[in-house]
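In what follows, a structure is listed as structure tokens, so that the remarks can point back to it.
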Amino acid sequence: MDETKYGFWLPVDVSSHGAQIDNLMAVVHWFMLLLFVGWGIFFVYCLVKFRARPGHVATYNPVKAVFTKYIEAAVVVVEVFLLFGLSTPVWFKYKGRPASEKDAVVVQLVAEQFAWNFHYAGKDGKFGKSSTATMSGDNPLGLDPDDPAGKDDITTVNQFHVPVNKDVIVELSSKDVIHSFNIPVLRVKQDAIPGTRIPVWFHATQPGHFELACAQLCGLGHYRMRADVLIDTPEDYAKWEKENAPTPSEEQPPTAQQPAK
Numbered sequence: 265m266d267e268t269k270y271g272f273w274l275p276v277d278v279s280s281h282g283a284q285i286d287n288l289m290a291v292v293h294w295f296m297l298l299l300f301v302g303w304g305i306f307f308v309y310c311l312v313k314f315r316a317r318p319g320h321v322a323t324y325n326p327v328k329a330v331f332t333k334y335i336e337a338a339v340v341v342v343e344v345f346l347l348f349g350l351s352t353p354v355w356f357k358y359k360g361r362p363a364s365e366k367d368a369v370v371v372q373l374v375a376e377q378f379a380w381n382f383h384y385a386g387k388d389g390k391f392g393k394s395s396t397a398t399m400s401g402d403n404p405l406g407l408d409p410d411d412p413a414g415k416d417d418i419t420t421v422n423q424f425h426v427p428v429n430k431d432v433i434v435e436l437s438s439k440d441v442i443h444s445f446n447i448p449v450l451r452v453k454q455d456a457i458p459g460t461r462i463p464v465w466f467h468a469t470q471p472g473h474f475e476l477a478c479a480q481l482c483g484l485g486h487y488r489m490r491a492d493v494l495i496d497t498p499e500d501y502a503k504w505e506k507e508n509a510p511t512p513s514e515e516q517p518p519t520a521q522q523p524a525k
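For the sequence shown, the numbering used here begins at 265 and goes up steadily by one.
This is the structure in structure tokens:
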């Protein structure tokens, strides 16, 4: 992995929606800085203006100043604009579904202590059935070996392949406790809740090798719950699918268990 992609500031952005999120964060933090400086100056002014000194006594009558009302009103207006004018549109776009959903790559992801299990539908575009009753060390997703829809499915552990310049929908769930699906370079972060399937989508704009790390303390092995994110060119992605597609003699999809280093 190219460590230069992660610096002291925000990591490189390789997603279609990342610029909007970064710009929104910048606007909010500049506004917070202005508020901090403004209220800091006012606080120092009050300390000096109303300090204890001879000839002055405390009063219980509040100081009346008309201009403060306008300042407070302006702050409220700006905050409402930040919430409904900037934040809400970005939130709905990010938390909604992609416009080209029918052409998107759909991946089912099941988190567990302490691994990420990825499930691809294969050429037929249909996911095989899964059940907790058939889960095992060799079959962490509990795929039904007798289901025809799952014969061409591909599963991996801690290795997430996606194509560049294409919408990707991740259907996120968890086996045991709450985990957090976090890929900083894609500006994607979503908790994985047991018993709930939550869709998350992104559109990668650059190929590369990045990292997925759990952002929720999930147990003693939390430190090693990470995965490799490989954003492939269309040719490399097609090659990977072909190389990992089950052969006719295989009874169930292979599990490419390649833990992240």
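Where a beta carbon is used, it is the ideal one built from N, C-alpha and C, also for glycine.
Item                                                                                                                  : Value
Coarse secondary structure for L274, derived from DSSP in three states                                                : coil
Residue environment, W465, which counts as buried when at least 16 other CB atoms sit within 10 Å                     : buried
Whether F474 touches V449 by CB criterion (8 angstroms)                                                               : yes
Which listed residue (N508, W355, I462) has its alpha carbon closest to that of Q284                                  : W355
According to DSSP, residues forming a beta bridge with G472                                                           : I495
Boundaries (first-last residue) of the beta strand (DSSP E) holding N446                                              : 443-447
At least 3 beta-carbon pairs within less than 8 angstroms: the region 388-406 vs the region 365-380                   : yes
Limits of the beta strand (DSSP E) - the one that N287 falls within                                                   : Careful: N287 lies outside any beta strand (DSSP E), inside the alpha helix (DSSP H) at 282-313.
Per-residue DSSP class, three states only, for L407                                                                   : strand
Own chain partners of V426 with C-beta closer than 8 angstroms, once the 5 adjacent residues on each side are dropped : V369, V371, V432, A468, V493, L494, I495, D496, Y501
Range covered by the beta strand (DSSP E) that runs through E376                                                      : 369-376
Touching by the beta-carbon criterion (3+ pairs, under 8 angstroms), the region 481-489 and the region 436-444        : yes
Selected residue, minimal CA-CA separation from V291, among Y358, P498, S351, F306                                    : S351
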